[in-house]
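Working notes, structure below.
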Amino acid sequence: MQGYLFIDQDITELKNLDLQLKASEEKYRTLVDEARDGIIITQEGKFKFVNKAICDVLKYSENELIGKSFFEIIIPQDHEKISQYHSRRMEGEYYSILYTTTIIAKNGNLINVELHAKTIEFEGKPAAFGLVR
Numbered sequence: 232m233q234g235y236l237f238i239d240q241d242i243t244e245l246k247n248l249d250l251q252l253k254a255s256e257e258k259y260r261t262l263v264d265e266a267r268d269g270i271i272i273t274q275e276g277k278f279k280f281v282n283k284a285i286c287d288v289l290k291y292s293e294n295e296l297i298g299k300s301f302f303e304i305i306i307p308q309d310h311e312k313i314s315q316y317h318s319r320r321m322e323g324e325y326y327s328i329l330y331t332t333t334i335i336a337k338n339g340n341l342i343n344v345e346l347h348a349k350t351i352e353f354e355g356k357p358a359a360f361g362l363v364r
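Okay, structure coming up:
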């Protein structure tokens with residue numbers, strides 16, 4: 232005796248959810264990639280995420296920046312100020328701050344920027360999210 236088992240399942244809703252997720256990811260990726268402002272995420276003092284705009288300004292590739300210390304691109308005289316702001320945010324003080332600093336491009340050029348930073352959770356840990364203009 233031979234038998235057959237057929238399982239019929241409507242996956243229309245699953246496919247629709249998948250399409251919606253892909254569209255959402257594409258929308259946010261486009262926003263980040265096409266932004267004129269630099270977008271960075273640092274964690275434990277190191278770059279975890281950078282967008283194309285900040286790479287263009289700094290003349291580094293994404294791979295060169297990821298894992299690099301944030302302080303390597305900040306002029307030394309601003310290290311203490313930025314470290315204090317960062318520490319206050321990481322210790323739980325809730326505020327978003329806009330300040331100016333000078334960053335150092337790969338070619339050594341100094342670039343004056345505004346940095347707007349706040350604390351976020353990234354990959355389950357506190358991180359700094361920054362917009363660089």
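Residue numbers (the working numbering): 232 to 364. C-beta atoms are modelled at their ideal positions from N, C-alpha and C, and glycine is treated no differently. Quick caveat: nothing in here was measured; it's all calculated off a predicted structure.
Among residues of its own chain, excluding the 5 on either side of residue i, which ones have a beta-carbon nearer than 6 Å to its beta-carbon?
{"i": "R320", "result": "T350"}
{"i": "Y291", "result": "K337"}
{"i": "H310", "result": "F302"}
{"i": "E244", "result": "none"}
{"i": "E293", "result": "V281 and C286"}
Can you give the Cα-Cα distance for residue i and residue j, rounded to whole angstroms?
{"i": "E257", "j": "L362", "result": "20 Å"}
{"i": "Y259", "j": "I306", "result": "31 Å"}
{"i": "N343", "j": "T331", "result": "7 Å"}
{"i": "E318", "j": "A348", "result": "The sequence given here has Ser at residue 318, not Glu. Roughly 12 Å separates the two Cα atoms."}
{"i": "Q240", "j": "N247", "result": "15 Å"}
Tell me the residue span of the alpha helix (DSSP H) that contains residue i.
{"i": "K312", "result": "H310 to M321"}
{"i": "Y259", "result": "T243 to E265"}
{"i": "L396", "result": "Residue 396 is absent from the model: the chain starts at 232 and stops at 364."}
Return the Cβ separation of residue i and residue j in integer angstroms, given the expectation that the two are a contact with Cβ distance under 8 Å.
{"i": "F301", "j": "G276", "result": "6 Å"}
{"i": "K283", "j": "I272", "result": "No, K283 and I272 are not in contact; Cβ-Cβ is about 14 Å, not under 8 Å."}
{"i": "E352", "j": "A358", "result": "7 Å"}
{"i": "L329", "j": "E354", "result": "That belief does not hold up - the Cβ atoms of L329 and E354 are roughly 25 Å apart, past 8 Å."}
Residues in the same chain with beta-carbon distance under 7 Å from residue i, minus the five sequence neighbours each way, listed in chain order, please.
{"i": "K356", "result": "Q274"}
{"i": "D268", "result": "A284, L362, V363 and R364"}
{"i": "D264", "result": "N282 and K283"}
{"i": "I313", "result": "I305 and T332"}
Looking only at its chain, what residues have a beta carbon closer than 8 Å to the beta carbon of residue i, apart from the 5 residues adjacent to it on each side?
{"i": "L341", "result": "I306, T333, I334 and I335"}
{"i": "Q315", "result": "none"}
For the beta strand (DSSP E) that contains residue i, what are its first and last residues?
{"i": "V359", "result": "The sequence given here places Ala at residue 359; Val does not occur at that position. Counting along the chain, the beta strand (DSSP E) containing A359 begins and ends at K356 to V363."}
{"i": "A284", "result": "No beta strand (DSSP E) holds A284; the alpha helix (DSSP H) holding it covers K283 to L289."}
{"i": "I272", "result": "G269 to Q274"}
{"i": "K337", "result": "No beta strand (DSSP E) holds K337; DSSP gives it neither H nor E."}
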